[in-house]
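Novice:
Residue numbers (my numbering), protein chains in the order written: chain A, 1 to 261; chain B, 1 to 361; chain C, 1 to 542.
Following this line, the structure appears as structure tokens:
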């Protein structure tokens, strides 16, 4: 009896395995990025000079040599802080390659070191939010239940109930958050990139931000009900109900109705 | 009921003509392999038995998983138990189903039979009998006929029509609580009431609200309400935003309703009542996720897209001595979707000086 | 042993029969014939998913607490620790996370509900396209239609029970729509919710509706539906030996007992399989109801989605100038709610319910119809059916426009503009295309009857011409293609009789004639025996 149960376990195992694997990958990615952001907090004068060179070569065409921005093209970067640079460049949104409804996340164009140099340069232009420390974004230290309440009051309307993403107006969208690193999630709340509103520390305090990260991290465990079909709600469920459940059953009616040879 | 086997000769029903063609009658019945080959017959029998066997295994899997597997706090373990029991039930059911159907298809008769239909209409005698019986009944009762009793009929019908009211009136009367629909017209906001964070209820300083921020707001004291907390929250939730004052076009008559670019709107959609909460800080547009009404915060939350017709009601705000944001009054119109008597509940700032009592009209 | 068993069975049968005269029923029912076709099993899917709903529902009632009393969560779920929620939500979490197999039962119940409604719609479409609603089955169409409406009520009331944010926002939409009804709307809202939204009484009320009132009505109507099926005997597809006066099939006992009985287990098995693998309605993601939050992807289950789509589609301002909310003599009339949520579904469902009579007026046929139509032989009906489905699908797509926009990187505003035009254009286009396809298929049928099937064999005539050999159809093959009626538009009696007096009921007749012309003005008649003889004569001359 037990052996039979085990047998079923193996047949169900791929699903569980895939989810575990996804969790593992996300975990490693998170660990790597927190390590890099920890380095970023110690900026030297050298970094600022290196960052200025990188800025002149890669960013100045839109943001201007003095980072004051160009009307209608790119905003001023004075006072946006290191967090904004780490977020925008670290998620590959900047440099922007093509204009569209919004800047799209892609593979970062710069190394972690270059990003921290750029951040150091922009931070030197005017005071702004800094890159958070590893401790500030550690999901282990957060309270997922408080994170759930904060997330659904402040975030779920755009990013979906558990961060699966959602549409905004005119082709803009709130991205899926499952692959986003804790540091980038934290920075996004601080700086309010693009359409996203700013959630400063007076609105959601640093502990609250960490709780939100813990809540999102808890999604890595997947759903107790099995595959979660994108976790985007009843539309996906309805489609699967029609295609899979009704589809399989109608296929069986065709077999039942056919004459045996 | 006449059921006849269908060998080749046509019954009378097969001789119908259509468009000049003769109905060719039932096709020749081709025997199955299992009908003619004893080996195929035995094989089908074994297959059916095997399918029933699958079902028995499935039952064992389901019960075994239930007994042997532990469900802990881990999501994995819950998923695993559900999956194991579910797959057991699947096998237990599908085995019986496929077995029975395979049995029917291969081993039971597949030689079609014919049954005559009869018109559904009753026979003429039947109908006449029915009509006569009804007529007799009407005559006996005095509902009609020679000895018609109109007073009886009239009073009975009146009584029958009225009697349900004896049941419905008190029942329906009770179901609507106090029926005080003027509650739709006002919320718990009062002059001087602080705007606090949703859900923890901490007050907000004007300096906390930096440009581009979006605060989800509930009235001070909401969390402490003993009664109707959720009903009050459903009406009183507010979205507090700060725009660059240069981007904000103040509406005539509302020049002093906002504070240095800080502005508050009801979060309840004027279309059908969903929380409008998707704020795009670059375009200053608020989007409702339910039906996608889009409101332009920079222009008095007027509708720029979607099914809503009216702007979101604005909550007049000010800053108190300690720097906290407070309401100047209740909303000046009912929040949320439209309804028949909405305009009757629309006050012109009646609550502005009224901080004790919440009655509108 | 066997003999003893037999005599025991005989004894039991005798005991029961002497007290119930059940023998007559058994004799009548046991060898009742049912025609064999896969499409006749669609209604069974609905019936069986309803049985699965009853079975799993009984389990759920053992754990669900229909109460809106607020409690603090204290269970295994980390993301809910200490969160305030109603007992309804807490008990849903409890049965999902702490009762082994409880979540499975919830998922079986919810998947079965989606299947129930989907199967009803599919079954209805089959009945519509094959003309199975014609005399004498019009009343049974109405019974089935009512069951469809009840299935929506059952589904929506169940969807709302866990008291989560998603379903709570759904209820708030219902409340808004209810309030928009002129004059009485506000009072109806108070009546439903026991005061202001959401109140503290709604979940218990919905619970009673969901587990007693609606399923009770469904059970009674299912009994009536099946009784009428037995009374009318099943319809059958055209074929040799099948007429309007007989039914050709296999007996209820044992063949359909095994097939249909076995099919119940197949349906149950597949629902269990889907429920074991796929999450449905993860209420722990949405959290307990709170009027402030809302999440992207706030939509109802698929069967209500069309109403949500209509609500999204309707502009608040027509062409940015005409308001869709009127203020007349101090009262407010919200067309932007009334039209999409009440008037449009009312017209759509009203048309569906009345359809059998509409078509009966057009054909003027009074006979019982037991042989089904091939959809191509009723081009206007088939066109109307496809147009209705297209209309419905446009609404469903608009109801999912944010999901579509996000998935395919489109703008939801553009999608809405597209569907606002599409809702008028696409159904008309679908009607026109479908009717043309039907005519094309009918022409092909005529070709087949007149000239036979292509065999792929090419032969060369003596005078050098190459021709493909056509093989004539067998009698049975031909019968399927020519057995349908050739219905001409109604002829009506003149308006005035010979004495110049205007006839009573003339207008009504004119209406029926107008309808009939829509259906049958343009038609392709089946081949007649004379035409075939003529064609064969020509072939002979080749």
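Where is the CB? At the ideal position from N, CA and C, for every residue including glycine.
1. So the beta strand (DSSP E) residue 214 of chain B belongs to, where does it begin and stop?
2. With DSSP collapsed to three states, give me the class of residue 111 of chain C.
3. Starting from residue 332 of chain C and walking both ways along the beta strand (DSSP E), at which residues does that stretch end?
4. So is residue 186 of chain B in contact with chain C if we call contact Cβ pairs under 8 Å?
5. Quick check: the stretch 441–450 of chain C against the stretch 527–535 of chain C, are there 3 or more CB pairs under 8 Å?
6. Starting from the beta carbon of residue 193 of chain B, find every residue of chain C whose beta carbon is closer than 7 Å, and list them in chain order.
7. Which chain A residues are close to residue 107 of chain C, counting only those with a beta carbon under 9 Å from its beta carbon?
8. Could one say the Cβ of residue 201 of chain B lies closer than 8 Å to chain A's Cβ atoms, at least one of them?
9. Name the chain C residues that come within less than 9 Å of residue 142 of chain A, Cβ to Cβ?
10. Any heavy atom of the ligand ATP closer than 7 Å to the beta-carbon of residue 341 of chain B?
11. Taking Cβ-Cβ distances shorter than 7 Å, what residues in chain B pair up with residue 158 of chain A?
12. Give the secondary structure of residue 63 of chain C by DSSP, where H, G and I count as helix, E and B as strand, and everything else as coil.
13. Taking the straight line between their C-alpha atoms, what separation do you get for residue 255 of chain A and residue 253 of chain C?
14. Which chain C residues sit within Cβ distance under 8 Å of residue 181 of chain A?
15. For the 8 Å Cβ check, are there 3 or more pairs between the stretch 84–93 of chain C and the stretch 251–260 of chain B?
16. Can you give me the start and stop residues for the beta strand (DSSP E) that residue 361 of chain C sits inside?
17. Can you check whether the CB of residue 242 of chain A is closer than 8 Å to the CB of residue 275 of chain C?
18. Can we say the stretch 383–395 of chain C touches the stretch 418–434 of chain C, given the rule of at least three CB pairs closer than 8 Å?
19. So, at 6 Å on beta carbons, what are the nonlocal neighbours of residue 264 of chain C in its own chain, with the 5 sequence-adjacent residues on each side left out?
20. Output the distance between the C-alpha atoms of residue 260 of chain B and residue 284 of chain B, rounded to the nearest integer angstrom.
21. Which term fits residue 140 of chain C, buried or exposed, when burial requires 16 or more other beta carbons within 10 angstroms of its beta carbon?
22. Identify every run of the alpha helix (DSSP H) within the stretch 391–431 of chain C, keeping only runs that are complete inside it and at least 4 residues long; order them along the chain.
23. Exposed or buried, residue 495 of chain C, counting other C-beta atoms within 10 Å across all chains shown (16 or more means buried)?
24. Between the stretch 280–291 of chain B and chain A, which residues of the former have a C-beta closer than 8 Å to a C-beta of the latter?
25. To the nearest angstrom, how far is it from the Cα of residue 543 of chain C to the Cα of residue 146 of chain A?
26. Closest to residue 297 of chain B by CA distance: which of B:247, B:255, B:80, B:307 is it?
27. State the Cα-Cα distance for the pair residue 20 of chain B and residue 485 of chain C, rounded to the nearest angstrom.
28. What does the Cβ neighbour count give for residue 444 of chain C, buried or exposed, with the cut at 16 atoms within 10 Å?
29. Using 8 Å as the threshold, is the C-beta distance between residue 487 of chain C and residue 510 of chain C below it?
30. Return no unless some Cβ of chain B is closer than 8 Å to the Cβ of residue 246 of chain C.
31. Give the list of continuous beta strand (DSSP E) stretches no shorter than 3 residues that lie fully inside the stretch 452–477 of chain C.
32. How many angstroms separate the CA atom of residue 356 of chain B from the CA atom of residue 144 of chain A?
33. Run through chain A and tell me which residues come within less than 9 Å of residue 264 of chain B, C-beta to C-beta.
34. For residue 53 of chain A, count neighbouring C-beta atoms within 10 Å of its own C-beta (all shown protein chains included) and say buried if the count is 16 or more, exposed if not.
35. Determine the chain C residues that contact residue 117 of chain B at a beta-carbon separation under 9 Å, and present them in chain order.
36. To which residues of the same chain is residue 44 of chain C closer than 7 Å at the C-beta, ignoring the five residues directly before and after it?
Specialist: Taking the coordinates as given:
1. 214–219
2. For residue 111 of chain C, the secondary structure class from DSSP, reduced to helix, strand or coil, is helix.
3. 331–334
4. no
5. Touching, yes.
6. The contacting residues do not exist; residue 193 of chain B stays about 17 Å from chain C at best.
7. Under the 9 Å cutoff, chain A gives 225, 226.
8. Chain A, which has no Cβ nearer than 8 Å to the Cβ of residue 201 of chain B, makes this no.
9. Neighbours of residue 142 of chain A on chain C: none; closest Cβ ~11 Å, over 9 Å.
10. This structure simply doesn't include the ligand ATP, nor any ligand for that matter.
11. Within 7 Å Cβ-Cβ: 278.
12. Three-state result, residue 63 of chain C: coil.
13. 20 Å
14. The premise fails here: residue 181 of chain A is roughly 20 Å from chain C at the closest Cβ pair, so nothing lies under 8 Å.
15. Of all C-beta pairs linking the stretch 84–93 of chain C to the stretch 251–260 of chain B, fewer than three are shorter than 8 Å, placing the two stretches out of contact.
16. Taken as a continuous stretch (DSSP letters only), residue 361 of chain C belongs to no beta strand (DSSP E), being part of the alpha helix (DSSP H) at 344–363.
17. no
18. Because the criterion of three Cβ pairs below 8 Å is met, the stretch 383–395 of chain C and the stretch 418–434 of chain C touch.
19. 48
20. Rounded to the nearest angstrom, the two C-alpha atoms are 16 Å apart.
21. In this structure residue 140 of chain C is buried. Its beta-carbon is surrounded by 16 or more other beta-carbon atoms within 10 angstroms.
22. Those alpha helix (DSSP H) runs which fall completely within the stretch 391–431 of chain C and span 4+ residues are 401–408.
23. exposed
24. Result list: 280, 281, 282, 283, 285, 287, 289.
25. Outside the displayed span of chain C (1 to 542) sits residue 543 of chain C, for which this structure offers no information.
26. B:247
27. 11 Å
28. exposed
29. For residue 487 of chain C and residue 510 of chain C, no; Cβs fall outside 8 Å.
30. yes
31. Entirely contained in the stretch 452–477 of chain C, the beta strand (DSSP E) runs reaching 3 residues are, in chain order, 453–460, 466–471.
32. Low confidence applies here, because residue 356 of chain B scores a pLDDT of 42, under 50, leaving its location unreliable; read the following figure in that light. Distance between the alpha carbons of residue 356 of chain B and residue 144 of chain A is about 40 Å.
33. In chain order: nothing, as chain A lies at least about 14 Å away.
34. exposed
35. 232, 233, 243, 244, 245, 246, 247, 368, 370
36. 260, 263
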